[in-house]
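Below: the structure, in structure tokens.
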Amino acid sequence: MTITNQAPKLIEVFTEESSQQITPLPEEHAEPPEVRPGETVLPPAQPPLVTAWAEVALSFGVWIASVVLLLFVPLIYALPYLVFRVVKLGPPTPEALSSDKLLVFYSVVGILPTHMLTFVIVWMVISHAGRRPFWKNIEFDWPRNISPTAVTLVSVLVATLLFLVALGVTSLYGERKTDLDILIESSIYTRVATAFVAVVSAPLVEELIYRGLLYRALEKAAGVAVAIGIVSLLFAGVHVFQYRNNLAVIVVITLLSITLTVTRAVTGKVLPAFIMHLAFNGIQSVLIVLGGFLDKDIFK
Numbered sequence: 018m019t020i021t022n023q024a025p026k027l028i029e030v031f032t033e034e035s036s037q038q039i040t041p042l043p044e045e046h047a048e049p050p051e052v053r054p055g056e057t058v059l060p061p062a063q064p065p066l067v068t069a070w071a072e073v074a075l076s077f078g079v080w081i082a083s084v085v086l087l088l089f090v091p092l093i094y095a096l097p098y099l100v101f102r103v104v105k106l107g108p109p110t111p112e113a114l115s116s117d118k119l120l121v122f123y124s125v126v127g128i129l130p131t132h133m134l135t136f137v138i139v140w141m142v143i144s145h146a147g148r149r150p151f152w153k154n155i156e157f158d159w160p161r162n163i164s165p166t167a168v169t170l171v172s173v174l175v176a177t178l179l180f181l182v183a184l185g186v187t188s189l190y191g192e193r194k195t196d197l198d199i200l201i202e203s204s205i206y207t208r209v210a211t212a213f214v215a216v217v218s219a220p221l222v223e224e225l226i227y228r229g230l231l232y233r234a235l236e237k238a239a240g241v242a243v244a245i246g247i248v249s250l251l252f253a254g255v256h257v258f259q260y261r262n263n264l265a266v267i268v269v270i271t272l273l274s275i276t277l278t279v280t281r282a283v284t285g286k287v288l289p290a291f292i293m294h295l296a297f298n299g300i301q302s303v304l305i306v307l308g309g310f311l312d313k314d315i316f317k
């Protein structure tokens, strides 16, 4: 009788213990350690210096590619007309080529596809072929804590002042014509094409390369001062050949380059420099087109 009476109790105890073992344990979430008063939170680890200079090398590669494209793509674009001219008139002399208004016009128009190809290359490098945001990573946006209206007004004002300085310097010391002067004086069509390129594609592509890609890489690897110096010299240096006959214009381009790069460094963004560049080129383009209409011989 004693064994019979205790059996149900033993079965009940065994059942209760088994059910407790089957019950899953609650999940535990690891919390980040609390920062105690007086402790310093270290910033995230910076990328290795080797990686930073590798980015500089890649940026310089893109810059070299943009210069090479600017030299050859306009020639390729004008090649069909050149072939047609040779078939129709025979092999031309160098003097005939330099004075051929249609050939000059097609060469200027060929800058547009050059800028398009350059933009694609920059986009591929910055966005990793579309795997990350392009405009954000190249810092083409508004500076923080400053209204877009204020940024735009200041950028346009600085560009206008720079253009007035440039106008004064070239009026006093810039007597010799540059290659650009000879180019735009060839025909009204070339004037309009030059003005169009100077406003539509040149400011954007040039700012993405110089104040975007190159500056971004050099600042990480060597600091702000080195980035400002190298980018300013590269931008001015590319234009030296075009304005080699006029030292005053070279000085003006160098001043513009320094101003644009310092603007990039101070604001931390590319967009203000782009607006300044666009305003400067826009004023110049309006005068280029108006000058063509005032010159009666330009249509010949």
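Numbering (my numbering), first residue to last: 18 to 317.
Idealized CB from N, CA, C, for every residue including glycine.
Close Cβ partners of residue i (< 8 Å) along its chain, the five nearest in sequence each way excluded
i    : result
T276 : V175, L179, M293
V306 : R208, V209, A212
N154 : I143, S144
L75  : V142, A234
Rounded C-alpha distance that separates residue i from residue j
i    : j    : result
I200 : R208 : Reading the sequence as shown, one finds Leu at residue 200 and not Ile. Cα-Cα distance, rounded: 8 Å.
W159 : V287 : 8 Å
N262 : P150 : 42 Å
I138 : L221 : 14 Å
Y232 : V268 : 21 Å
W70  : P108 : 48 Å
A244 : L106 : 51 Å
L225 : I93  : 24 Å
L86  : S164 : 37 Å
G229 : S302 : 24 Å
L311 : L304 : 10 Å
F157 : D117 : 40 Å
A215 : V67  : 37 Å
L250 : L264 : 15 Å
I247 : V103 : 43 Å
F89  : S83  : 10 Å
F77  : T284 : 23 Å
D198 : A219 : 18 Å
Y190 : R148 : 50 Å
S203 : F291 : 29 Å
V255 : T278 : 15 Å
L184 : E236 : 32 Å
Cβ of residue i within 8 Å of any chain D Cβ
i    : result
V142 : This model lacks chain D altogether, as it is built from one protein chain only.
Three-state class that DSSP yields for residue i in the structure shown
i    : result
K194 : coil
N263 : coil
A318 : Beyond the ends of the chain as shown, which are 18 and 317, falls residue 318; an answer cannot be given.
S116 : coil
P91  : helix
S172 : helix
F77  : helix
R161 : coil
P108 : coil
S124 : helix
S302 : helix
S204 : coil
E156 : coil
S218 : coil
G308 : helix
G229 : helix
F31  : Summary for F31: the model assigns pLDDT 43, below 50, so the residue's position carries little reliability; its value from the coordinates is reported in the next sentence. In the structure shown, F31 sits in a helix (DSSP, three-state: H, G or I).
G240 : coil
Close Cβ partners of residue i (< 7 Å) along its chain, the five nearest in sequence each way excluded
i    : result
L273 : L179, F297
P289 : P160, V168, S172, T280
A95  : L120, Y123, S124, G127
L114 : L120
Other residues of its chain near residue i: CB distance less than 6 Å, five sequence neighbours each side excluded
i    : result
Y260 : T195, V266, I267
I300 : F180
A238 : A69, W70, V73
F252 : Y227, S274
R193 : N262, N263
L295 : P220
V186 : A265, V269
Whole-angstrom C-beta distance between residue j and residue i, which should lie under 8 Å
i    : j    : result
T135 : P91  : At roughly 13 Å, the Cβ-Cβ gap does not stay under 8 Å, so T135 and P91 are not in contact.
A282 : V241 : 5 Å
Quiz item: Mind pulling the alpha helix (DSSP H) runs of 4 or more residues that sit fully within the region 242 to 297?
Solution: You should have 264 to 284.
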